[in-house]
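Participant: Keeping their order, the protein sequence lines are chains A, B, C and D.
Per this note's numbering, the very first residue in the first sequence carries number 26; after that it's consecutive.
Per this note's numbering, the very first residue in the second sequence carries number 26; after that it's consecutive.
Per this note's numbering, the very first residue in the third sequence carries number 3; after that it's consecutive.
Per this note's numbering, the very first residue in the fourth sequence carries number 3; after that it's consecutive.
Glycine included, every Cβ here is placed at the ideal spot set by N, Cα and C.
Just so you know, these numbers come straight off a predicted model, no measurement behind them.
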Amino acid sequence: MSDNLTVEQRLLADMIRVRVFEERCAELYGESRIRGFLHLYIGEEAVAAGVMSCLGPDDAVLATYREHGHALLRGVPAGSIMAEMFGRVTGCSGGRGGSMHLFDAERRFYGGNAIVGGHLPVAVGLALADQALDRDAVTACFFGEGAMAEGEFHEALNLAALWDAPVLFCCENNLYAMGTSLESSQSQVNLAVKAASYSVPAWQVDGMNVLDVRRSTERAVTAIRAGAGPIFIEFQTYRFRAHSMFDPDLYRDPDEIKTWKARDPILVCERHLREAGAVSEQEVAEMWTRARAETEEAVAEAEQGALEPESSLLEHVLAEKETMWS
Amino acid sequence: MSDNLTVEQRLLADMIRVRVFEERCAELYGESRIRGFLHLYIGEEAVAAGVMSCLGPDDAVLATYREHGHALLRGVPAGSIMAEMFGRVTGCSGGRGGSMHLFDAERRFYGGNAIVGGHLPVAVGLALADQALDRDAVTACFFGEGAMAEGEFHEALNLAALWDAPVLFCCENNLYAMGTSLESSQSQVNLAVKAASYSVPAWQVDGMNVLDVRRSTERAVTAIRAGAGPIFIEFQTYRFRAHSMFDPDLYRDPDEIKTWKARDPILVCERHLREAGAVSEQEVAEMWTRARAETEEAVAEAEQGALEPESSLLEHVLAEKETMWS
Amino acid sequence: MVMTATTPDHDTIDRQHEDHTDGADTDETLKTYRDAMRDAIREALAGDDRVIVLGEDVADYGGTYAVTKGLHTEFGRHRVRNTPLSESGFVGAGIGAALGGLRPIIEIMTVNFSLLALDQIVNTAATLLHMSGGQLNVPIVIRMTTGAGRQLAAQHSHSLEGWYAHVPGLKVVAPATAEDARWMLPTALDDPNPVVIFEHAGLYNERGLVDPKRGPVDLERAVVRRAGDELTLVAWAGMVPKALAAAEQLATHDVSVEVIDLRSLRPLDIETLATSLTHTHRAMVVEEGWRTGGLGAEIAAQLTEHCFWSLDAPIARLAGAEVPIPYAKQLERAAIPQIGDIVETARTLVGAAS
Amino acid sequence: MVMTATTPDHDTIDRQHEDHTDGADTDETLKTYRDAMRDAIREALAGDDRVIVLGEDVADYGGTYAVTKGLHTEFGRHRVRNTPLSESGFVGAGIGAALGGLRPIIEIMTVNFSLLALDQIVNTAATLLHMSGGQLNVPIVIRMTTGAGRQLAAQHSHSLEGWYAHVPGLKVVAPATAEDARWMLPTALDDPNPVVIFEHAGLYNERGLVDPKRGPVDLERAVVRRAGDELTLVAWAGMVPKALAAAEQLATHDVSVEVIDLRSLRPLDIETLATSLTHTHRAMVVEEGWRTGGLGAEIAAQLTEHCFWSLDAPIARLAGAEVPIPYAKQLERAAIPQIGDIVETARTLVGAAS
Ligand SMILES: Cc1ncc(C[n+]2csc(CCOP(=O)(O)OP(=O)(O)O)c2C)c(N)n1
Ligand SMILES: Cc1ncc(C[n+]2csc(CCOP(=O)(O)OP(=O)(O)O)c2C)c(N)n1
Ligand SMILES: [Mg+2]
Ligand SMILES: [Mg+2]
């Protein structure tokens with residue numbers, strides 16, 4: 026919806042688009058029309074919305090298996106995302122990846138990575154290439170706080186710092202790694218302090234406030250483009266749903282969930298904009314309507330998608346030629 | 026030489042023992058009587074001497090492939106170390122390990138590890154066992170500054186801190202990892218700062234001064250035994266020789282080497298004790314004589330050792346029974 | 003994921019009771035593979051203070067496949083210990099803990115992730131005894147799931163157990179029945195060496211008879227799960243139920259198949275396989291993993307070396323397609339051997355194909 | 003280590019010139035395998051700005067085996083880039099750099115250490131193209147040494163190339179001659195897929211004729227290095243010189259051996275092997291790695307499948323002993339196939355054993 030919305034309105038609309046899209050995914054999962062693992066981003070939308078709003082088409086983005094929102098806000102068509110989850114040829118990964126592996130080379134959206142921490146070194150390499158080829162691009166890499174315990178996080182931050190690689194490390198600290206709380210996965214729970222130990226500028230931001238997310242990301246991206254090297258931001262957020270559709274969510278205190286839901290990024294943003302008179306009730310309603318329409322179109326489109334015939338199973342194992350970016 | 030030496034004299038004597046033993050190893054390597062890789066500790070003796078002097082028989086020790094000194098000062102007989110390098114059955118690893126893999130289960134000397142960083146998680150596990158089995162022991166784990174870039178360092182420190190494991194992390198910062206300088210291997214060159222980011226108490230010590238090494242290690246070991254959890258010490262030292270016998274050492278400035286040699290830990294300690302009247306010229310001479318005698322006996326003993334017959338090649342692949350420690 | 007919520011693999015039919023013709027006479031009870039494994043872990047924790055469970059989300063979450071569910075409340079968080087996401091770290095720590103006198107049962111969520119810990123397993127756990135001249139054995143048990151079938155795509159679905167079977171210093175088993183899930187663990191814990199246990203994710207909901215009094219079983223022998231005389235069909239883990247189902251169908255085509263559950267991937271019990279082959283004269287290996295360099299190649303090579311002169315045809319191998327497992331259901335199904343494929347290959351092999 | 007200081011492996015004799023009966027007519031020059039590989043890397047750096055060299059100590063130190071020696075002064079530290087000790091990190095960075103348009107040549111010191119990077123290679127480099135539905139290919143070249151022979155013991159001496167040959171999405175080669183060391187790299191760099199190059203540490207000092215005008219060679223075909231008609235002897239990497247030496251000795255025993263240098267471990271060129279086997283009727287694979295689950299098993303299985311009816315005997319496999327490589331010289335020698343062992347096994351196979 027590249028219409029005449031203000032930046033703030035756009036941020037709100039984007040969060041709503043992700044929310045509606047994912048609520049629908051949950052339903053479709055219940056109907057077994059989406060299979061495999063499905064990880065919902067509900068509650069964390071402000072992070073992807075705020076960060077994406079600061080990136081340009083030449084920048085690169087990497088995310089985890091909890092990436093529907095990132096893909097959608099990066100510009101990957103909702104229909105091709107839904108088609109991917111339906112396992113259709115028209116999916117953004119041809120139906121070979123599914124929910125955890127959304128890709129879009131043209132938009133420099135590099136997944137959709139399901140080895141926790143595995144994409145961090147890859148992000149450093151992408152940034153190294155931009156640097157070496159004098160492309161004024163930033164690589165935004167999203168990962169959870171649980172990933173910070175992996176050795177690959179450690180190696181990636183050190184390499185990025187040593188090489189002044191233009192990477193924005195976006196830590197989505199939602200306090201849990203599956204059923205493991207931050208306290209039991211990190212000896213140092215201030216993740217910005219941890220990242221700073223690599224001589225990388227690092228700070229914490231309220232990940233439930235999309236305007237804060239955008240403001241701090243803008244600062245970071247500007248600095249990185251100016252040659253500051255890598256920057257790390259800890260976005261403090263929370264997932265309202267269980268880890269995945271298989272998770273009975275036995276490890277979180279219902280009150281804790283309630284407290285965080287009161288800080289729903291969409292409500293927070295809407296309230297703020299309404300008070301500032303920056304958006305009207307009807308404009309907000311309109312956002313929900315459009316989002317629902319977009320999602321339903323996506324579902325309809327996905328259903329049209331053909332299923333890859335078994336005969337083409339062995340395609341895409343070895344490449345015949347180069348892809349656009351390499 | 027468990028004779029009537031003072032603690033300080035003993036530290037000096039120990040460093041001399043290691044120095045003499047290794048100078049001889051270098052010769053023997055030249056004569057092809059020791060093969061494989063040979064990494065000399067010459068110049069770094071104060072670290073092993075000072076740390077070992079604070080450990081008891083129930084404590085555990087893990088080191089790298091640069092561990093002749095650690096093994097010797099842990100009490101592994103010089104003869105069995107030399108025999109190991111000669112590949113004899115009488116070697117402390119039965120000739121199967123060589124210079125990089127010295128082991129002595131009875132003395133809780135767990136190698137002799139040649140995967141850089143690989144022994145750090147193992148050290149945490151050993152400490153976990155001591156903790157779980159209520160053994161009042163400390164696990165001292167030696168590693169180089171280069172190892173700190175490995176993911177296994179990161180994972181090990183986090184685990185140790187989360188579990189309050191009684192581990193003393195002894196970083197031997199000799200400024201180089203093979204030909205790679207500290208600056209090009211660590212974005213944060215203050216390694217104590219880096220370790221502190223795991224909420225582990227950490228500090229730097231002059232690794233060329235054996236008395237400083239001992240003092241700070243004593244403090245650390247006392248704290249760990251009192252239940253303080255893991256502690257990290259960065260011992261600032263320097264290797265006077267090349268990385269291994271294969272290394273032409275093209276990457277270091279001769280002046281840098283000269284400056285550090287002026288701080289030879291043996292000279293520093295001897296000068297200090299002499300000035301304090303804590304040791305006499307003749308007592309020092311005596312130490313060198315004894316060390317030479319010990320080393321020559323070791324060589325003679327090693328030569329007596331039999332070679333394992335090829336027929337026993339397949340031994341020690343699978344264990345039939347438990348070893349004493351497990 | 004908690005398997006109570008998973009979609010059952012429609013190809014794996016519960017045939018465990020066939021392993022127990024004497025089921026009726028004993029007080030065996032029907033249990034899921036998951037519960038059988040949990041019983042084994044519970045018994046180990048209860049019977050030996052040195053035993054600890056170590057892994058990601060083994061406590062509150064109950065383990066990614068709910069195998070360790072509830073055990074942390076029963077035995078405490080110190081003995082059923084959640085680890086951060088650090089496969090190499092906690093496997094290495096498990097090795098150290100074993101050296102220090104504990105008996106760790108380490109859970110790695112899936113074999114794909116185990117690659118992050120492979121250095122510790124291959125370069126340390128498997129070599130320590132030898133490098134130390136026999137001084138240091140490493141009594142750890144590493145459990146991990148393997149296999150596809152739940153549309154988890156290319157980073158969660160592979161079958162790399164054959165790699166572990168390549169490594170001297172390790173013992174590798176793959177229980178295919180609830181009974182083995184229940185009784186292989188105590189033997190593995192008693193073993194002074196590192197033992198790797200592969201649990202096929204598709205088996206957790208399979209029910210089978212478990213004899214609560216059976217006691218520890220061996221980790222070395224293959225077992226004939228169904229007798230037959232025209233073809234020896236070798237399978238392990240998730241392929242065993244499929245092989246049995248295929249044998250059933252083949253019987254209706256008058257093809258008599260002997261199904262052997264390998265059970266132990268290292269060492270390989272070639273004797274049992276060869277004995278069968280010498281009366282069937284034909285053999286086929288079915289494996290879920292990639293064909294090239296798979297364990298099936300080793301089995302085929304060894305059987306050919308042992309029985310060359312009694313072979314009526316080369317050993318057939320039916321294996322997974324050489325492709326990273328795709329998400330789309332029909333593609334995933336096509337990527338791994340199905341009952342129909344086994345039947346077809348078997349019929350061609352015995353020359354019964356129409 | 004700088005190989006100029008290493009002890010030569012007494013069993014690897016320089017037989018490279020035998021690969022070039024036409025040597026005299028061309029302007030070929032005698033080069034060590036190491037220098038040939040360095041020439042290839044230098045040419046790549048000079049010819050394509052997108053090429054970078056990434057690895058531990060590839061700059062000042064010159065590479066642990068001195069292959070990249072001096073290249074950083076020639077092309078700068080940005081293109082010949084030292085990395086910290088972080089195998090997983092710099093391999094992953096190489097993958098990203100390739101996705102971003104560079105052409106990284108990544109050096110991993112030895113295959114044992116590559117286990118630390120196996121997650122990146124298997125779960126990312128080999129799967130990305132498929133998971134992305136064909137959008138993202140990963141044009142990286144990963145070089146690493148493999149093999150024993152220098153008394154480096156159990157954490158530096160293994161031969162795990164067979165594992166890489168198991169993985170769809172990878173291409174795997176093992177140059178055995180200076181000529182292949184020189185001319186396989188450009189082909190590998192032109193390939194849109196991840197290519198893993200295994201260099202046997204025992205070969206670096208081997209000299210062979212290299213045709214400076216030869217140009218890129220294929221990465222798929224096996225090559226007959228010596229013609230013969232009684233036995234097909236398959237080898238790769240460090241075993242090729244030993245196989246050729248053994249064939250020489252066997253000739254004096256009137257046993258005519260055809261020696262095939264596999265060259266490509268994935269894909270396997272079974273056609274060339276089968277063609278040879280159909281006229282020799284006997285084949286033997288010699289590999290340095292562990293026997294169980296080694297690549298030799300796959301070769302034996304495939305050859306048996308292809309040539310069952312023309313086989314006079316089962317395919318023989320001579321492999322490394324199933325033990326972590328020990329330090330002691332006599333034990334290490336006993337742990338890996340030597341020329342004498344090849345001769346013996348070959349003679350038994352052709353029934354010429356006295
Ligand atoms: C290497 C690896 N280990 C374990 C897993 C299983 N796993 C998937 S997501 C997850 C939790 C990750 O938590 P975090 O990084 O905080 O991200 P979040 O899910 O909270 O967004 C785990 C353990 C995996 N996918 N990869
Ligand atoms: C995982 C791994 N990568 C690389 C090597 C090769 N290597 C052996 S020692 C060494 C340098 C280690 O430096 P540091 O940790 O500082 O210890 P130092 O040798 O200086 O005592 C390297 C790169 C190895 N043995 N293991
Ligand atoms: Mg999280
Ligand atoms: Mg160092």
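Take SER212 of chain A as the anchor and find which of B:VAL214, B:ASN183, B:TRP228 has the nearest alpha-carbon.
Facilitator: Checked all of B:VAL214, B:ASN183, B:TRP228; the closest Cα to SER212 of chain A is B:ASN183.
Participant: Apart from the five residues just before and just after ASP83 of chain B, which ones in its own chain have a Cβ nearer than 6 Å to its Cβ?
Facilitator: Cβ within range, chain order: ALA162.
Participant: Measuring alpha carbon to alpha carbon, tell me which residue in A:THR31, A:GLN307, A:ASP289, A:TRP313 is nearest GLY232 of chain A.
Facilitator: Measuring from the Cα of GLY232 of chain A, the nearest candidate turns out to be A:ASP289.
Participant: Check whether the region 160-179 of chain C and the region 281-296 of chain D are in contact - that is, three or more C-beta pairs closer than 8 Å.
Facilitator: Segments in contact, yes.
Participant: For a test of your reading of the model: does the CB of GLU281 of chain A fall under 7 Å from any non-hydrogen atom of ligand 1? Yes or no.
Facilitator: Not so, every heavy atom of ligand 1 lies at least 7 Å from the Cβ.
Participant: Quick one: what's got a C-beta closer than 7 Å to ALA315 of chain C's C-beta in the same chain, skipping five residues either side?
Facilitator: These residues qualify, in order along the chain: ARG284, LEU351.
Participant: Confirm the yes/no value for this check: CB of ALA354 of chain A, any heavy atom of ligand 3, distance under 7 Å.
Facilitator: Here chain A covers residues 26 to 351 and nothing more, so residue 354 of chain A does not appear.
Participant: So ASP121 of chain C contacts chain D; which residues on that side make the cut at Cβ distance below 7 Å?
Facilitator: Per Cβ cutoff of 7 Å: LEU117, LEU118.
Participant: Under 8 Å between the Cβ atoms of ALA38 of chain C and ALA183 of chain C?
Facilitator: A contact, by the Cβ cut-off of 8 Å.
Participant: Counting only the same chain and skipping the five closest in sequence on each side, list residues whose C-beta sits under 7 Å from that of GLU109 of chain B.
Facilitator: Result list for GLU109 of chain B: GLY116, CYS117, SER118, GLY120, GLY122, GLY123, LEU127, in chain order.
Participant: Among A:GLU52, A:GLU48, A:ARG60, A:ALA73, which one has its Cα closest to the Cα of LEU37 of chain A?
Facilitator: The option with the nearest alpha carbon to LEU37 of chain A is A:ALA73.
Participant: Check whether the Cβ of ASN199 of chain B sits closer than 7 Å to any heavy atom of ligand 2, and report yes or no.
Facilitator: Under cutoff, so the answer is yes.
Participant: Residues in the region 317-332 of chain C with C-beta within 8 Å of chain A's C-beta atoms, listed in sequence order?
Facilitator: Within the region 317-332 of chain C, the residues whose Cβ lies closer than 8 Å to some Cβ of chain A are ALA323, GLU324, VAL325, PRO326, PRO328, TYR329, ALA330, LYS331, GLN332, listed in chain order.
Participant: Return yes when at least one heavy atom of ligand 5 lies under 7 Å from the C-beta of GLY171 of chain A, else no.
Facilitator: Because ligand 5 does not appear in the structure shown, any question about it cannot be addressed here, the ligands present being ligand 1, ligand 2, ligand 3 and ligand 4.
Participant: Quick one: is SER159 of chain C buried, meaning 16 or more other Cβ sit within 10 Å of its Cβ, or exposed?
Facilitator: Answer is buried; the Cβ neighbour count reaches 16.
Participant: Report the partner residues of PHE168 of chain A according to the DSSP bridge assignment.
Facilitator: PHE168 of chain A pairs with A:CYS196.
Participant: Would you kindly report the start and end of the unbroken beta strand (DSSP E) that includes TYR67 of chain C?
Facilitator: Premise fails: TYR67 of chain C is in no beta strand (DSSP E) and is neither H nor E.
Participant: Provide the residue(s) that pair with HIS202 of chain C in DSSP beta bridges, ordered along the chain.
Facilitator: Paired residues: C:THR148.
Participant: Please identify, using Cβ separations under 8 Å, the residues of the region 224-240 of chain A that lie next to chain C, in order along the chain.
Facilitator: Result list empty, no residue passes.
Participant: Report yes if the C-beta of GLU58 of chain C is less than 7 Å from at least one heavy atom of ligand 1; otherwise report no.
Facilitator: At least one heavy atom of ligand 1 is nearer than 7 Å to the Cβ of GLU58 of chain C, so yes.
Participant: Would HIS93 of chain A pass as a contact of VAL86 of chain A if the rule is Cβ separation under 8 Å?
Facilitator: The answer is no: Cβ separation not under 8 Å.
Participant: With three or more beta-carbon pairs closer than 8 Å as the criterion, would you say the region 192-201 of chain C touches the region 156-173 of chain A?
Facilitator: With the cut-off at 8 Å, the region 192-201 of chain C and the region 156-173 of chain A do not touch.
Participant: May I ask whether a heavy atom of ligand 2 can be found less than 7 Å away from the beta carbon of ILE140 of chain B?
Facilitator: The answer is yes for ILE140 of chain B.
Participant: Residues in the same chain with beta-carbon distance under 7 Å from ASP50 of chain D, minus the five sequence neighbours each way, listed in chain order, please.
Facilitator: Cβ neighbours of ASP50 of chain D beyond the five flanking positions: ARG105.
Participant: So is ASP155 of chain B in contact with chain C if we call contact Cβ pairs under 8 Å?
Facilitator: Closer than 8 Å to some Cβ of chain C, the Cβ of ASP155 of chain B qualifies, so yes.
Participant: Nearest to ARG160 of chain B by CA position, among B:GLY81, B:PRO279, B:GLU243, is which residue?
Facilitator: Of the listed residues, the one whose Cα sits closest to ARG160 of chain B is B:GLY81.
Participant: If the cut is a Cβ gap below 8 Å, which residues of chain C does HIS132 of chain D touch?
Facilitator: Per Cβ cutoff of 8 Å: ALA156, VAL325, PRO326, PRO328.
Participant: Counting only beta-carbon atoms, is PHE62 of chain B nearer than 8 Å to chain D?
Facilitator: Yes, because at least one Cβ of chain D sits closer than 8 Å to the Cβ of PHE62 of chain B.
Participant: Using only the alpha-carbon positions, how far apart do PHE178 of chain A and GLY142 of chain A sit?
Facilitator: The alpha-carbon atoms of PHE178 of chain A and GLY142 of chain A are separated by roughly 6 Å.
Participant: Among C:TYR206, C:VAL124, C:PHE115, whose alpha-carbon lies nearest the alpha-carbon of ASP121 of chain D?
Facilitator: Comparing Cα positions, the closest option is C:PHE115.
Participant: Between the Cα of ILE256 of chain B and the Cα atoms of B:MET203, B:TYR223, B:GLU295, which residue gives the shortest distance?
Facilitator: The candidate whose alpha carbon is nearest that of ILE256 of chain B is B:TYR223.
Participant: Helix, strand or coil for THR350 of chain C per DSSP?
Facilitator: Residue state, collapsed to three classes: helix.
Participant: Taking 8 Å as the CB-CB cut-off, is ARG125 of chain A touching chain C?
Facilitator: What sits at residue 125 of chain A in the sequence shown is Met, not Arg. Taking Cβ atoms only, chain C reaches closer than 8 Å to MET125 of chain A, which makes this a yes.
Participant: Just to confirm my understanding: we take PRO226 of chain B, look at its own chain, exclude 5 residues before and 5 after, and list those with CB closer than 6 Å. What are they?
Facilitator: The answer, listed in chain order, is ILE256.
Participant: So which residues on chain D does LYS346 of chain A lean against when the C-beta distance must stay under 7 Å?
Facilitator: Ordered by position in chain D, the residues that pass the 7 Å Cβ test against LYS346 of chain A are PRO194.
Participant: Report yes or no: do three or more beta-carbon pairs, one from the region 69-84 of chain C and one from the region 97-104 of chain C, lie closer than 8 Å?
Facilitator: No, the region 69-84 of chain C is not in contact with the region 97-104 of chain C.
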